[in-house]
Amino acid sequence: MSSISLGDLAQSFMLQRRSVSLRENMSRLTDELSSGQVADVREVLSGNHNYLTGLERSLEVLDSYSVANAEVTYFTGAMQTALDSVQTFGSDLGLDLIMAGGGPIGVVSGNPSDNARIQLQGIIKSLNGDIAGRSLFSGTATDQAPLPSAEDLIAQVMTVVAGQTTPEDIVAAAEAWFADPAGFDAMSYAGSTTALAPFVLSETERVTLDIRANDDALKELLLHTTVAALGSDPALGLDIPDQSKLFGITGIGLQSNQDQLTSLRAKIGFTEERIALISARNQAEGTSTEFARNTLLEADPFETATELESVQFHLQSLYAVTVRSSQLSLVNFL
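Using this note's numbering, read the sequence shown as starting at 2 and increasing by one per residue.
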């Protein structure tokens with residue numbers, strides 16, 4: 002009867018190879034147990050990566066939508082803040098002008114025209130605001146401010162109302178200029194007449210922000226504020242009663258304009274609500290997609306722990322055999 006045995010060197014190589022294999026398995030199982038995901042994705046998917054690739058692509062797309070959602074949320078929030086300031090300026094000035102229109106100039110502290118100039122500067126500063134270099138109220142012309150300085154706008158309106166002798170005629174001339182496409186829109190408004198491109202927030206949802214500094218509500222605000230700033234200008238030649246009357250007309254106009262500004266802000270508020278709902282849906286979809294991916298690649302912790310214990314036992318047994326083999330010698334055998 003013949004027998005086949007391994008030489009010492011071959012046996013040493015065999016034990017070493019087995020040791021390396023067991024250590025690799027133990028390292029893989031340890032990683033799977035700590036991460037909760039399988040190490041060999043190809044084996045789990047049986048070579049078919051289409052489903053996993055689809056899930057990962059969906060997650061990447063949802064991440065890009067998340068960035069767009071954050072951008073438009075920031076943008077609309079800045080617009081809302083700017084319009085809040087603008088409405089406050091108009092409301093406060095309107096009350097002061099109404100008080101000034103009810104009696105002598107001294108009824109309110111300071112000169113109403115000077116107050117109107119200060120408020121106009123604040124209004125224009127808010128409407129010329131930008132976020133990360135993108136103008137808020139210029140439409141697609143996001144690289145430039147939509148309105149001129151307060152002094153320039155006052156000078157333009159002064160040219161329009163010059164020669165008018167009554168408060169009613171002054172307001173009427175200013176209204177005609179602000180309403181004329183060849184007037185305010187052509188001479189003062191420096192933004193675009195085109196709205197910003199819609200923000201893509203999901204595969205089916207788009208959000209458009211079409212609020213510019215030449216909106217009728219904002220032009221109405223600028224009209225009455227600018228005319229009020231000219232009320233006490235000597236170039237108009239109005240006496241004190243006519244000045245008071247002009248302040249009263251513009252003050253009432255500013256108070257009436259509050260409803261228009263509220264509607265404008267409500268429009269942005271509705272858009273903000275839509276953005277929040279779309280963002281919540283995207284987050285829910287992202288969570289479910291990530292859960293599906295993790296389930297697909299999930300390693301069973303109990304099975305992994307059992308297999309790891311088995312590998313550790315085999316590795317310890319191999320070490321014991323290796324030690325005993327190294328102690329074998331002809332002297333000991335004899």
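We put the CB at the ideal spot given by N, CA and C, even for glycine.
Report task. Indicate whether Thr-82 and Ile-155 have their beta-carbon atoms separated by less than 7 Å. Result -> The residue labelled residue 82 in the question sits at position 81 within the sequence shown. The residue labelled residue 155 in the question sits at position 154 within the sequence shown. Not a contact, by the Cβ cut-off of 7 Å.
Requested in this report: Could you check how far apart the C-beta atoms of Thr-251 and His-225 are, in whole angstroms? I think they sit under 8 Å.
Outcome: Counting from one through the sequence shown, the residue named residue 251 turns up at place 250. Counting from one through the sequence shown, the residue named residue 225 turns up at place 224. Sure, about 4 Å apart at Cβ, within 8 Å.
Report task. Would you mind reading off the limits of the alpha helix (DSSP H) that contains Ala-177? Result -> Your numbering for residue 177 matches position 176 in the sequence shown. 168–180 is the extent of the alpha helix (DSSP H) around Ala-177.
Query raised in the report: Any C-beta of chain D sitting closer than 7 Å to the C-beta of Asp-131?
Result: Reference to chain D is not applicable here, since this structure consists of a single protein chain.
Query raised in the report: Ordered along the chain, which non-local residues of its own chain (more than five positions away) have a Cβ less than 8 Å from that of Gln-120?
Result: Locating residue 120 in the sequence shown gives position 119, where the first residue counts as 1. Phe-90, Gly-91, Asp-93, Leu-94 and Thr-226, listed in sequence order.
Query raised in the report: Cβ atoms of Lys-246 and Phe-179: under 7 Å apart, would you say?
Result: Residue numbering aside, residue 179 sits at position 178 when the sequence shown is read from its first letter. Residue numbering aside, residue 246 sits at position 245 when the sequence shown is read from its first letter. It is not a contact, given that the beta carbons lie outside the stated cut-off.
Query raised in the report: Once you ignore the five residues that flank Ala-187 on each side, which residues in its own chain have a CB closer than 6 Å to its CB?
Result: Working through the sequence shown from its first residue, we reach residue 187 at position 186. Once the five neighbours on either side are set aside, Ala-187 has no close Cβ partner at all.
Query raised in the report: Nearest-angstrom Cα distance between Arg-58 and Glu-310?
Result: Mapped onto the sequence shown, residue 58 falls at position 57. Mapped onto the sequence shown, residue 310 falls at position 309. So the two alpha carbons sit approximately 37 Å from each other.
Query raised in the report: Where does Arg-337 land, buried or exposed, given buried means 16+ other C-beta within 10 angstroms?
Result: For the chain, the structure presents residues 2 to 335; residue 337 sits outside this window and is missing.
**Report entry** Nonlocal neighbours in the same chain, by C-beta distance under 8 Å from Pro-105, ignoring five residues either side
**Finding:** Reading the sequence shown from its first residue, position 104 is the one you call residue 105. Because Pro-105 carries a pLDDT of 45, less than 50, the predicted location of this residue cannot be relied on, and the following value inherits that uncertainty. Hits under 8 Å: Ile-241 and Ser-245.
Query raised in the report: Given a threshold of 16 other Cβ atoms within 10 Å of its Cβ, counted over all protein chains shown, does Phe-200 qualify as buried or as exposed?
Result: As a position in the sequence shown, residue 200 is number 199, starting the count at 1. Under this definition Phe-200 is a buried residue.
Report task. Would you identify the three-state DSSP class for Ile-253, choosing helix, strand or coil? Result -> Locating residue 253 in the sequence shown gives position 252, counting from the first residue. Ile-253: helix per DSSP, three-state reduction.
Report task. Just grab the DSSP bridge partners of Asp-97 for me. Result -> Residue 97 sits at position 96 when you count from the first residue of the sequence shown. DSSP, once it has assigned bridges, lists no residue as partnering Asp-97.
Query raised in the report: Beta carbon of Gly-397, beta carbon of Gly-134: below 7 Å?
Result: Look at the range of the chain in this structure, 2 to 335, and you will see that residue 397 is not part of it.
Query raised in the report: Using the beta-carbon count (16 or more within 10 Å), is Leu-369 buried or exposed?
Result: Outside the shown range of the chain, which is 2 to 335, sits residue 369, and nothing can be said about it.
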